[in-house]
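**Q**
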Amino acid sequence: MKNMKYVGSHETTKGATMKNTFEIQNATADFSDYYSKNSISANTQSKMETIDFLAVPTRYEDQRYYFAQETVDFLKYCRIESPEHTFDILSDETAQIRSLHSFDIWMPVIWVASNVLLPLAVGLISNYIWEKLKGREEEPAKVDVTLLVKNGAKEKSLHYSGDATAFKEAFEQIDLNKMWSDDNDA
Numbered sequence: 072m073k074n075m076k077y078v079g080s081h082e083t084t085k086g087a088t089m090k091n092t093f094e095i096q097n098a099t100a101d102f103s104d105y106y107s108k109n110s111i112s113a114n115t116q117s118k119m120e121t122i123d124f125l126a127v128p129t130r131y132e133d134q135r136y137y138f139a140q141e142t143v144d145f146l147k148y149c150r151i152e153s154p155e156h157t158f159d160i161l162s163d164e165t166a167q168i169r170s171l172h173s174f175d176i177w178m179p180v181i182w183v184a185s186n187v188l189l190p191l192a193v194g195l196i197s198n199y200i201w202e203k204l205k206g207r208e209e210e211p212a213k214v215d216v217t218l219l220v221k222n223g224a225k226e227k228s229l230h231y232s233g234d235a236t237a238f239k240e241a242f243e244q245i246d247l248n249k250m251w252s253d254d255n256d257a
């Protein structure tokens, strides 16, 4: 499959326009640098094979790994809303959270163990965003989220950055079944 990038705009409630981007790319999840720099145990590394949804860190400019500010709250929300699935964080100890001070919603990078779980992940994220926006519907808010999705031996990275109220709509425009074919333009 070709790498795809969708750029659009969405008018916010205050009349301003926010740029929305949605990118789908082939990916290979490689956390070996994170494992070695943080002495991650084999037990924690094995979570990639046993957990349905796993929050993973992002490497920042200082070459250190951090989890997004919404990581803990989002995982708690998911465990309540979908107790039949497993949710965890790829960390041996207390996760280092990167806190950004704004109303923007910085979601964790989420490893989705199987492509059949992707619609559930999108639904949980969408519902979580709406919960965060309650009482602040008039304020423009940006959301940034990356999903790493596994389908057999293939992996895709789906990244959305833009208006929080347009998140679900962006995913609804993509044929999530066709994105796995090599000759697809989704």
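In my numbering, each number is its position in the sequence shown, counted from 1, plus 71.
All residues carry an ideal CB built from backbone N, CA and C; glycine is no exception.
#1: Tell me the residue span of the alpha helix (DSSP H) that contains G194.
#2: Count the CB pairs spanning the region 214-233 and the region 86-102 that are closer than 8 Å, and state whether there are at least three.
#3: In this structure, what does DSSP give as the bridge partners for D175?
#4: Going by DSSP, what residue range makes up the beta strand (DSSP E) through L218?
#5: Where do the ends of the alpha helix (DSSP H) carrying S103 lie?
#6: Within its chain, find whatever has a CB closer than 8 Å to the CB of H156; leave out the 5 residues flanking it on each side and keep chain order.
#7: May I ask which residues mark the beginning and end of the alpha helix (DSSP H) holding D144?
#8: Just to confirm, are K118 and G233 a CB contact at a threshold of 8 Å?
#9: According to DSSP, simplified to helix, strand and coil, what is E243?
#10: In the DSSP assignment, find the beta strand (DSSP E) that holds A126 and state where it starts and stops.
#11: How should P154 be labelled, buried or exposed, when 16 other C-beta atoms within 10 angstroms of its C-beta is the threshold for buried?
#12: CB-CB under 6 Å to N186, same chain, minus the five flanking residues each way: which ones, in chain order?
#13: Once the 5 residues before and after Y199 are set aside, which same chain residues still bring their CB inside 6 Å of it?
#14: Which of helix, strand or coil does DSSP assign to E120?
**A** With the given structure in hand:
#1: The count along the sequence shown starts at 1 and reaches residue 194 at position 123. In the DSSP annotation of this structure, the continuous segment of the alpha helix (DSSP H) that includes G194 starts and ends at 189-204.
#2: yes
#3: Within the sequence shown, residue 175 is the residue found at index 104, counting from 1. In the DSSP output, where bridge partners are listed per residue, D175 has none listed.
#4: The sequence position of residue 218 within the sequence shown is 147, counting from 1. Start and end: 213-222.
#5: In the sequence shown, residue 103 corresponds to position 32, counting from 1. Run containing S103: 103-108, per the alpha helix (DSSP H) assignment.
#6: For the purposes of this step, residue 156 is taken as the residue at position 85 of the sequence shown. The residues are D123, F124, C149, L188, L191.
#7: Here residue 144 refers to the residue found at position 73 of the sequence shown. Element bounds for D144: 142-152.
#8: Within the sequence shown, residue 118 is the residue found at index 47, counting from 1. Within the sequence shown, residue 233 is the residue found at index 162, counting from 1. With contacts defined by Cβ atoms closer than 8 Å, K118 and G233 do not form a contacting pair.
#9: As a working mapping, residue 243 is identified with position 172 in the sequence shown. Helix at E243.
#10: What you label residue 126 is simply residue 55 of the sequence shown in a count that begins at 1. It spans 124-127 - the beta strand (DSSP E) in which A126 sits, taken as one unbroken run.
#11: Your numbering for residue 154 matches position 83 in the sequence shown. It is exposed - the Cβ of P154 has fewer than 16 other Cβ atoms within 10 Å.
#12: Locating residue 186 in the sequence shown gives position 115, where the first residue counts as 1. Same-chain partners within the cutoff: V220, N222.
#13: Working through the sequence shown from its first residue, we reach residue 199 at position 128. Taken in chain order, the residues that qualify are F145, Y148.
#14: Here residue 120 is taken as the residue at index 49 of the sequence shown, counted from 1. It is helical.
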